[in-house]
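Structure first, then comments.
Protein chains: 2
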Amino acid sequence: MAGTPRKKTIKAAPAPRAADSVNRVYAAIQRMAVNFEFRPEQRINEVELAATLGVSRTPVREALNRLVIEGLITLVPNKGFYCRPFDAEQIIGLFEVRASLERLSVELAAERASDVRIAELMDFWNGVRANRAAMDAEELTSRDEEFHIRIAAMGGNPELVRMLESINARIRFVRRIEIENPLRRTTTFDEHLAIAEALKARDRDRAVACMSDHIGISVADAVSAMKEGLARIYMGRMAS
Amino acid sequence: MAGTPRKKTIKAAPAPRAADSVNRVYAAIQRMAVNFEFRPEQRINEVELAATLGVSRTPVREALNRLVIEGLITLVPNKGFYCRPFDAEQIIGLFEVRASLERLSVELAAERASDVRIAELMDFWNGVRANRAAMDAEELTSRDEEFHIRIAAMGGNPELVRMLESINARIRFVRRIEIENPLRRTTTFDEHLAIAEALKARDRDRAVACMSDHIGISVADAVSAMKEGLARIYMGRMAS
DNA sequence: GTGTTCTGAAGTGTACACACTTTGTCGAGA
DNA sequence: TCTCGACAAAGTGTGTACACTTCAGAACAC
Numbered sequence: 001m002a003g004t005p006r007k008k009t010i011k012a013a014p015a016p017r018a019a020d021s022v023n024r025v026y027a028a029i030q031r032m033a034v035n036f037e038f039r040p041e042q043r044i045n046e047v048e049l050a051a052t053l054g055v056s057r058t059p060v061r062e063a064l065n066r067l068v069i070e071g072l073i074t075l076v077p078n079k080g081f082y083c084r085p086f087d088a089e090q091i092i093g094l095f096e097v098r099a100s101l102e103r104l105s106v107e108l109a110a111e112r113a114s115d116v117r118i119a120e121l122m123d124f125w126n127g128v129r130a131n132r133a134a135m136d137a138e139e140l141t142s143r144d145e146e147f148h149i150r151i152a153a154m155g156g157n158p159e160l161v162r163m164l165e166s167i168n169a170r171i172r173f174v175r176r177i178e179i180e181n182p183l184r185r186t187t188t189f190d191e192h193l194a195i196a197e198a199l200k201a202r203d204r205d206r207a208v209a210c211m212s213d214h215i216g217i218s219v220a221d222a223v224s225a226m227k228e229g230l231a232r233i234y235m236g237r238m239a240s
Numbered sequence: 001m002a003g004t005p006r007k008k009t010i011k012a013a014p015a016p017r018a019a020d021s022v023n024r025v026y027a028a029i030q031r032m033a034v035n036f037e038f039r040p041e042q043r044i045n046e047v048e049l050a051a052t053l054g055v056s057r058t059p060v061r062e063a064l065n066r067l068v069i070e071g072l073i074t075l076v077p078n079k080g081f082y083c084r085p086f087d088a089e090q091i092i093g094l095f096e097v098r099a100s101l102e103r104l105s106v107e108l109a110a111e112r113a114s115d116v117r118i119a120e121l122m123d124f125w126n127g128v129r130a131n132r133a134a135m136d137a138e139e140l141t142s143r144d145e146e147f148h149i150r151i152a153a154m155g156g157n158p159e160l161v162r163m164l165e166s167i168n169a170r171i172r173f174v175r176r177i178e179i180e181n182p183l184r185r186t187t188t189f190d191e192h193l194a195i196a197e198a199l200k201a202r203d204r205d206r207a208v209a210c211m212s213d214h215i216g217i218s219v220a221d222a223v224s225a226m227k228e229g230l231a232r233i234y235m236g237r238m239a240s
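Residue numbers (UniProt numbering), protein chains in the order written: chain A, 1 to 240; chain B, 1 to 240.
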């Protein structure tokens, strides 16, 4: 979006710089990697990708280098950049780490969050709950993540937020499928409310227990969600 | 080092590519950022840095983009790359996250590590302990990190290892100063052994408690270490 | 038929060119 | 003295050039 609001010179000057390419390109490729729009372990052709995004290889490579550190892209020297593998063990590993950080999240929130922020959290989630019929899996996943990130933010530790966001991006593909399960959806609504209630009561241990149950269930369901995910990547529409 | 073991063409060809520049450059800049060889919030001149490292700006920028994601460098559009700030709250935040992940670390290790790996861990640390007189703070910090990373690795979760390594890089500057404290050194040796013993006994709760005490003390000491750190950055030799 | 070497195309890795942005300096005007 | 604007220098952002690597397939030997 935002087009190219740039003063045009008469001569078709070579390379009139398109502002902020790297960030746009970075966001675009990140989205593609998160959603496995590249097939797992597929080599990414820089020239092609640059052409698609309407920029040169330079900003594309800078963005790809960032994504390597984020774990969304891998790099093989002299071969090129590749989409991350679809690695079930790795995904379980990420769920494990996430569970640990979410635990810290509620602990800190229970101790430090203001009453107002906690009230806002409940309002937020009640709002989502009220609108649930109108939401598709994608939107609901987004709200779900937002709920968790809000709690993390209430603890006043920005690094915790950053890491959770990074992990969320890497497991979003699986979680979105999980959340399509109607049963899972219902339990999620209840579990989130239970967490929020525990925070409101400043009951740290209960908050941890609720969060633990909530995430624990996620891990258990992750395996079937991953199967479904693989089918979608490799079988496309046929999977449904 | 490593010179240029490359077949020389007769003509002084422009740009005979130096293999794997990005990784070398990345490692070099990372080390500089970790050790605050750039002053906090100092702008990093790409041209100058490239010249120092003997490469062009391209690999330097790719490396810097990676380091931005790692949190060791910041980027202000149209201004350039900057050294990360020296932010006490952020460092405390990182210690907090680290404590949470180290807890997970020992939990997983207590459940999953083989007896052999645990025995190796104890041997390793006893070896370090035996040589302690010969080690400076830098080397000891390195061994200390290795101890913790070994435990994380025993849990079989590579992502956990990755994140701990990333955090370690960002707090290493402070931890190295902490470890200079003779009293701290002694307690570290004992605490590590206590953790290892608990793992050997497969006593998960005790392992968590030991780890928790160990890291908890670290956080408390971090504040004074940060003061000292600031003095070294801005006062250099005078600080001692 | 199988293995080996050659060759060319495709594509990465890095240097470099150049436009644009930012910032500091100097001088004019109030 | 202070403010403002022009100007210049420094330095970033991105496009492009080109050497090098990899890989597939042809040509060839056995």
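Note that beta-carbon positions come from the ideal geometry of N, C-alpha and C, so glycine has one too.
Between residue i and chain B, is any beta-carbon pair separated by less than 8 Å?
i, result
"Val47(A)", "no"
"Glu70(A)", "yes"
"Asp20(A)", "yes"
"Glu159(A)", "yes"
"Met32(A)", "no"
"Met163(A)", "yes"
"Ile10(A)", "Low local confidence applies: a pLDDT of 28 at Ile10(A) is under 50, so the model's placement there is unreliable, and no value is given."
"Met226(A)", "no"
"Ile171(A)", "no"
Please check if any C-beta of chain A sits within less than 8 Å of the C-beta of residue i.
i, result
"Ser100(B)", "yes"
"Asn168(B)", "no"
"Asp144(B)", "no"
"Gly229(B)", "no"
"Thr4(B)", "Here the model assigns Thr4(B) a pLDDT of 31, short of 50, so the residue's position is not dependable, and the following value carries that caveat. Chain A contact via Cβ: absent."
"residue 243(B)", "It is not possible to answer for residue 243(B), since the shown part of chain B is limited to 1 through 240."
"Pro182(B)", "no"
"Ala222(B)", "no"
Which residue comes first and which comes last in the alpha helix (DSSP H) that contains residue i?
i, result
"Val161(B)", "Pro158 to Glu178"
"Ser56(B)", "Ser56(B) -> no alpha helix (DSSP H), and no H or E assigned at all."
"Arg129(A)", "Asp115 to Ala130"
"Asp144(B)", "Ala137 to Met154"
"Pro40(B)", "First-last for Pro40(B): undefined, no H or E at that position."
"Asn23(B)", "Ser21 to Val34"
"Glu198(B)", "In the sequence as displayed, the identity of residue 198(B) is Ala instead of Glu. From DSSP, the alpha helix (DSSP H) with Ala198(B) extends over Pro182 to Lys200."
Could you check where the beta strand (DSSP E) with residue i kicks off and where it finishes?
i, result
"Val76(A)", "Ile73 to Val76"
To which residues does DSSP link residue i through a beta bridge?
i, result
"Met83(B)", "The sequence given here places Cys at residue 83(B); Met does not occur at that position. The partner list for Cys83(B) (beta bridge, DSSP) reads Ile73(B)."
"Arg112(A)", "Its beta-bridge partners do not exist; DSSP assigns none."
(request) Name, going along the chain, the residues of the region 84–96 of chain A whose beta-carbon falls closer than 8 Å to a beta-carbon of chain B. (result) Taken in chain order, the members of the region 84–96 of chain A whose beta-carbon sits within less than 8 Å of a beta-carbon on chain B are Gln90, Gly93, Leu94 and Glu96.
(message) Measuring CB atoms only, is the region 167–180 of chain B touching the region 124–138 of chain B, in the sense that at least three cross pairs come out at less than 8 Å?
(response) yes
(request) Kindly confirm or deny that the region 193–212 of chain B and the region 70–80 of chain B touch, where touching means at least three C-beta pairs closer than 8 Å. (result) no
(request) Check distances from the C-beta atoms of the region 53–68 of chain A to those of chain B and list, in chain order, the residues that come in under 7 Å. (result) Arg61, Glu62, Asn65, Arg66 and Val68
(request) Check whether the region 78–85 of chain B touches the region 32–43 of chain B, taking contact to mean three or more Cβ pairs, one atom from each stretch, closer than 8 Å. (result) Enough Cβ pairs lie closer than 8 Å, so yes.
(message) With three or more beta-carbon pairs closer than 8 Å as the criterion, would you say the region 147–164 of chain B touches the region 101–114 of chain B?
(response) Yes, the region 147–164 of chain B touches the region 101–114 of chain B.
(request) Using a Cβ-Cβ cut-off of less than 8 Å, list which residues of the region 103–117 of chain A approach chain B; keep chain order. (result) Listed by position, the residues of the region 103–117 of chain A near chain B (Cβ gap below 8 Å) are Arg103, Leu104 and Leu108.
(message) Three Cβ pairs or more, each shorter than 8 Å: is that satisfied between the region 120–131 of chain A and the region 187–203 of chain A?
(response) The answer is yes - the region 187–203 of chain A touches the region 120–131 of chain A, with three or more Cβ pairs under 8 Å.
(message) Three Cβ pairs or more, each shorter than 8 Å: is that satisfied between the region 166–175 of chain B and the region 50–67 of chain B?
(response) no
(request) Give a yes or no on contact between the region 140–151 of chain B and the region 97–106 of chain B, applying the rule of three or more CB pairs nearer than 8 Å. (result) yes
(request) Spell out a yes or no on whether the region 183–191 of chain A and the region 54–61 of chain A are touching, meaning 3 or more CB-CB pairs, one atom from each, closer than 8 Å. (result) Counting Cβ pairs under 8 Å, fewer than three are found: no touch.
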